[in-house]
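Working notes, structure below.
There are 4 protein chains.
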Amino acid sequence: MDPCFSFTRKQEENEDIDSMPSNKKGLLERLAEGVVIGDGGMIWAMELKGYAEAGKYTPEAAVEHPEAVLQMHREFVHNGAEVLQTCTFWSSKLEEETVEGVSVNDAACALALKAAKEASDPILVAGSVTKTDLYEQGESKEVVQAEFRRQLDFYVRNDFDFVIAEFFDHVLEAEWAVEVLKESGKPVLATVCIGPEGDADSFSPEQCALRLARAGADVVGVNCRFGPQTCLKTVAMMKRALKLAKLDHVYLAVQPYGYHTPDAPINGYSGMKEFPFAMDARVMTRIDAYNYAKEASKLGVRYIGGCCGFEGRHIRSMSEALQGKTGRIAPVTKRYGKWINTYADKDDERADAKHWLEMKPATGRPKSSAMSESVKYS
Amino acid sequence: MDPCFSFTRKQEENEDIDSMPSNKKGLLERLAEGVVIGDGGMIWAMELKGYAEAGKYTPEAAVEHPEAVLQMHREFVHNGAEVLQTCTFWSSKLEEETVEGVSVNDAACALALKAAKEASDPILVAGSVTKTDLYEQGESKEVVQAEFRRQLDFYVRNDFDFVIAEFFDHVLEAEWAVEVLKESGKPVLATVCIGPEGDADSFSPEQCALRLARAGADVVGVNCRFGPQTCLKTVAMMKRALKLAKLDHVYLAVQPYGYHTPDAPINGYSGMKEFPFAMDARVMTRIDAYNYAKEASKLGVRYIGGCCGFEGRHIRSMSEALQGKTGRIAPVTKRYGKWINTYADKDDERADAKHWLEMKPATGRPKSSAMSESVKYS
Amino acid sequence: MDPCFSFTRKQEENEDIDSMPSNKKGLLERLAEGVVIGDGGMIWAMELKGYAEAGKYTPEAAVEHPEAVLQMHREFVHNGAEVLQTCTFWSSKLEEETVEGVSVNDAACALALKAAKEASDPILVAGSVTKTDLYEQGESKEVVQAEFRRQLDFYVRNDFDFVIAEFFDHVLEAEWAVEVLKESGKPVLATVCIGPEGDADSFSPEQCALRLARAGADVVGVNCRFGPQTCLKTVAMMKRALKLAKLDHVYLAVQPYGYHTPDAPINGYSGMKEFPFAMDARVMTRIDAYNYAKEASKLGVRYIGGCCGFEGRHIRSMSEALQGKTGRIAPVTKRYGKWINTYADKDDERADAKHWLEMKPATGRPKSSAMSESVKYS
Amino acid sequence: MDPCFSFTRKQEENEDIDSMPSNKKGLLERLAEGVVIGDGGMIWAMELKGYAEAGKYTPEAAVEHPEAVLQMHREFVHNGAEVLQTCTFWSSKLEEETVEGVSVNDAACALALKAAKEASDPILVAGSVTKTDLYEQGESKEVVQAEFRRQLDFYVRNDFDFVIAEFFDHVLEAEWAVEVLKESGKPVLATVCIGPEGDADSFSPEQCALRLARAGADVVGVNCRFGPQTCLKTVAMMKRALKLAKLDHVYLAVQPYGYHTPDAPINGYSGMKEFPFAMDARVMTRIDAYNYAKEASKLGVRYIGGCCGFEGRHIRSMSEALQGKTGRIAPVTKRYGKWINTYADKDDERADAKHWLEMKPATGRPKSSAMSESVKYS
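Going down the list, the sequences are from chains H, D, E and Z.
For the first sequence, our numbering begins at 422 and goes up steadily by one.
For the second sequence, our numbering begins at 422 and goes up steadily by one.
For the third sequence, our numbering begins at 422 and goes up steadily by one.
For the fourth sequence, our numbering begins at 422 and goes up steadily by one.
Pasting the structure below:
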């Protein structure tokens, strides 16, 4: 019997977790010491594999295909992620948040906990709350915050290591979320999904960072919607603002979309013609992930993860790029060494790390342009 | 206890398999009726996830991370593959073909059988033999064939549905393999990994097809090394030759590399600067997979699968493109419908299938060219 | 005897010019009525043809190959330019500004006047002053302005229609030039060669526009260094500033570089790897010129010309795009009609103007990227 | 009075020509000694400048704008062309071949002769005959050859140095032309405008070369329709055929289209979406021209010229690349030195010839693909 195939054993699992050595370092301790490598986006990965639906992006896979969810968590851990986020994205959009009578959130929590427990190194488990339809519908702060509180409850009950507010278009809504998450007593990481032009209400990245920090977030930054280069540009703006406001004890986080979006409109991938089914040509290589991690670290970002599109090879590359900053060696690296040194004989130019790090990979697509026009709505 | 986590139960598993309903249709029956959708390449997928090493590409994952191998099989089945190939690629390069005392081939066979058994539809399981170092070293036909016979033994013992000879640079070696595989009494699918310029000994695609057919292969074609467009071009040449030689009762198979290679040199991806770590920009979209499947079917190819780089979304798209030719609906499609109809509202151009099928996706890489120079060896 | 081949007849020519009907409208009258189409850059065109040296860009061609200079003027007029600028760019860098005893400036003035005189429509002739080395060397305002005055003298003596201050990296130097040019009593058009990031002293486009306007320029804008899209973006910034400052009686001018430079560094083409010998792939099509002219006019720009890289086909396209705004039909258009209507039969998609106006032309360069890194200096 | 502006002096001009030193070497002598640099296409250049109409491509400019035609000839000579071809392309499509009573062919001949006479080095003048509508209409050999004879008459009367048969889609028609041209007693250069797939009747490049050689052409090859790389590929096929047939005393000629066409359909640029108004992005750089000339010479081609799209900078680059093979230094090179050495200071990477010769220039067009689909006819 295994959560891979059934959820009846969830209680038992959690008992096991309770007995885990409690001496693992928390998020803030780790951030104080150096860089923390995050994971990639669960729901996007599930869609690619046929376990979720594009557009809806609800996490029924946690109940319907737990083995797929569990294996994705394992892949992230194997490749060096120090954190697992539950596969609960937009679970609130599922009817009653259950599938065949099983709570999706409970199932998802159990899977993340199981993967963490299996790992040879101590892994942090985080739960996240995301933007609500309620806010867009104009509901009051009380109503919106009640919803956040309801979501938070799962993570509190499971004694998660920290909590995340993410995927917010409105920094104002994110602030409400942060206020609620603070109630848990856990460290709070809060991100908006914006580019350098700011949020849906025209709050600039600088303003967003200050608002989230002042609302009490321990870590602030951006996630999703824009590729790594755009996200780093946005975070750099946040950094300057925090510094000027003498709020630079607040850590920075970045969890970009795993695809290059130099031509994204103000709402990021949502307005791109290739989203969601034809983004593939834009996907980051492991080299892109390597360089992204190096740049993020150089910029002073401490929480360096990914979002939709980041898979094992990206996390591995980030982990290997920043081994000196994390003090950790990913399981895959212990087994095989750093990927950059593992291919080809000496008389082949591919044996040289420079070959890879300075490469501008060809696209193999002579009938594709580099950038495209944004979606036109009729 | 579960093969996900242990292999002690292998015997028991096989007993279960023995008791499976034997009324599933075999490969040749299916090919006679219509198109058969193959799976994607296991070892490449394992490398992307950190469970294999680029360059070596040996399948120790079958023992070290069986849950990863099993889950990949499941992903293929979930997305519509009718065939599972064992994760045994280049197992002969492992020392004694064991890892920690467990036979990799045995473990890999058990995983493919388990995934097939779990499936709601009858799935064919195939084992493959590939090129040997012995041939390149100039060993005799007897020695090389003995090696093929040794590999074949695993599949015979496990009563596999059919056998495959694949990844051959020399059609002459492939012929020797076909002769051995024929001894099993199982259907034999044989492919060379060549482009339109022919094999390593300058045998043209036409000659390769005829030689494989005359050696007794039931299905002939190409796999790996070149992207879908190049493979289809090569198979078209094979088709004409078989027709002219009145050998068109032999079925055609194509299992391309999942990346576009319009600029590949004669040895395919092996000579490309981006191989293996920077191929990502070239990866097929699910649209490419859709169009590839349609074209392959139009050309008369009956066995339409993939090789390295094909993942769930590609298999799904091929399955959905050819539903009318296979008479099967993939599990993912039963659950969610065809992907092409599932995104966006009517006032968004992305709600229109034409938007996707006619798209030339932008690459998001303004500093990348479409094609590159081949590797220079020093 | 003809100025094509000798300059001894210059006096006589000028007498002819004196007898030209004086009822042609001046620059400001034309700008008040609508759009004025400028010409393209003379010295770049001379270099392409082998009559000038890249890097130096001095106008010895006016004496050494007057027929080439004259013919280029004619080409601009034939294609719809209403203005001819003399081929005097950087004449001050020539030793004593003479070639074989002939004054380059005198020769260049005669050629522009001759081409204007020949034209069937009244053409304006303009002389320009450009940045001096003196300014960069830290010379005083008096010294720098004395140099401008010396240059201006040629144009005053030849009774030119208006004067231009252009190719300035420092708006402060451009202001000094404007002050001198105002002394002529002629209309003054003043441009800086900057992008949206501003001039070499970090004056923003907005500040540059205001300074030039306040110094007395009748027309302000940008020229050269950046391609059409970048120039229009810069001019849009200038426009807003002039409007806010209630200086919108000052006309706007734009004379871009004729090549696309989306990846230009702050100093424009000067810092691009392809400059000057490999810019060809970036050259504007006549369609680009058409769309550029339409956009410039829509933005409210009245003086719409080109700089380096603009040749006959571009000027024609701008003239044809804005026929309704200029009230003029170019000689080439009178002879052949608008180019957009002249190719192909009805059953060919190229017979449709939409085919051309919506086209994103392929580059034919599969080994080229869209953008490049800037020059690295050792 | 000057042919720049009037043609009444044509007789007188020709008298002057008659008195030219007759010791200039003829085409065959030059080819025997080394490489001969040709010129570029006249009619395409005239269209770009507004003196001809796209699609029609008739040479009325020779009468309407003789100064433009003359100046283009001069540009080619100045940049190193050793040959001038008359601007008579498709003159037969003009009504009665006159414009305002003046014979276009006479005017065009006079202009080429004048430009040759002016030159400091001895320049060869060549007249060409091109495909007729008569052939396509099915007229007899007699009728078609009578038309060629009529065209040839102009060149014979003007005592041209050699004659060219070019722009033939059907090698059979080209053979008829060669037979007629041979009657002149002048050297005959004959090209077809085909790619590697052969002519409109499926004669392969090899067959075309043999047929032209056997019809008596002294020089055979290809011109126009395809870019330089494609043309060189085709000529290489011709070369092998001539060698095998022991006809390698026949010289090879190549005069490509000046734009890259890796994606051209079988009829070359005629079937390309960008033809004729949006080819600009594909235009050869002077570096491309340099490398093209080197490759052509290495392949053994002796007559190396250009066709539509080649302008001064390309001819210069070809001349400078092959100075050692021609024994000539172009006037532009005498004046300024080789372009490749003339830009930038030592601390700028652009001072290094390698910078230019190894460059893959960026296109500046992030919304353009490298290749495009061919024209669809309705």
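No residue lacks a Cβ here, since even glycine has one placed at the ideal position from N, Cα and C.
Note that the structure is predicted; figures quoted are calculated from it, not measured.
Proximity test, Cβ basis, 9 Å: residue i and chain D
i, result
"residue 442 of chain E", "Here residue 442 of chain E scores only 46 on pLDDT, less than 50, and its place in the model is too uncertain to base an answer on."
"residue 492 of chain H", "yes"
"residue 489 of chain H", "yes"
Proximal residues to residue i (C-beta, below 7 Å), its chain only, five neighbours per side dropped
i, result
"residue 706 of chain D", "782"
"residue 540 of chain H", "498"
"residue 766 of chain Z", "772"
"residue 455 of chain D", "746, 747 and 748"
Proximal residues to residue i (C-beta, below 8 Å), its chain only, five neighbours per side dropped
i, result
"residue 789 of chain E", "702"
"residue 764 of chain H", "771 and 772"
"residue 451 of chain D", "457, 503 and 545"
Beta carbon proximity, residue i to chain E, threshold 9 Å
i, result
"residue 802 of chain Z", "Any property of residue 802 of chain Z remains undetermined from this structure, which presents chain Z solely from 422 to 799."
"residue 476 of chain Z", "yes"
"residue 683 of chain D", "yes"
"residue 701 of chain Z", "yes"
"residue 463 of chain Z", "no"
"residue 706 of chain Z", "yes"
"residue 688 of chain Z", "no"
Spatial neighbours of residue i in its chain, beta-carbon cut-off 6 Å, leaving aside the 5 residues before and after
i, result
"residue 680 of chain E", "648, 700, 703, 704 and 730"
"residue 608 of chain E", "448, 449, 583 and 639"
"residue 376 of chain E", "Nothing about residue 376 of chain E can be read from this structure; chain E reaches only from 422 to 799."
"residue 654 of chain D", "617"
"residue 569 of chain H", "550, 598 and 601"
Any C-beta of chain Z under 9 Å from that of residue i
i, result
"residue 514 of chain E", "no"
"residue 709 of chain H", "no"
Any chain H beta carbon closer than 9 Å to residue i
i, result
"residue 697 of chain D", "yes"
"residue 500 of chain D", "yes"
One or two residues paired with residue i in a DSSP bridge
i, result
"residue 612 of chain E", "E:642"
"residue 549 of chain E", "E:585"
"residue 519 of chain D", "D:524"
"residue 798 of chain H", "D:769"
"residue 619 of chain Z", "Z:616"
"residue 790 of chain Z", "H:790"
"residue 693 of chain E", "E:795"
Any chain C beta carbon closer than 9 Å to residue i
i, result
"residue 557 of chain Z", "Of the protein chains in this structure, namely H, D, E and Z, none is chain C."
Any contact between the stretch 447 to 464 of chain Z and the stretch 735 to 751 of chain E? By contact I mean 3 or more CB pairs, one from each, below 8 Å. no
Using a Cβ-Cβ cutoff of 7 Å, what residues of the stretch 768 to 799 of chain Z are near chain D? List them in chain order. 781, 787, 790 and 791
Stretch pair the stretch 616 to 630 of chain Z + the stretch 562 to 573 of chain Z: three plus CB contacts closer than 8 Å: no
The stretch 742 to 763 of chain H: which residues have C-beta closer than 7 Å to a C-beta of chain D, in chain order? 753, 757, 760 and 763
The stretch 717 to 732 of chain Z contacting the stretch 656 to 674 of chain Z, beta-carbon criterion three pairs below 8 Å: yes
Evaluate the contact criterion for the stretch 543 to 562 of chain H versus the stretch 746 to 762 of chain H: three or more CB pairs, one atom per stretch, below 8 Å. no
Are the stretch 505 to 520 of chain H and the stretch 499 to 514 of chain D touching, with three or more C-beta to C-beta distances below 8 Å? no
Should the stretch 593 to 602 of chain D be regarded as contacting the stretch 662 to 676 of chain D, the criterion being three or more beta carbon pairs within less than 8 Å? no
Please identify, using Cβ separations under 8 Å, the residues of the stretch 724 to 742 of chain D that lie next to chain H, in order along the chain. 732, 733, 734 and 737
Compile a chain-ordered list of the residues in the stretch 517 to 543 of chain E whose CB is closer than 9 Å to at least one CB of chain Z. none
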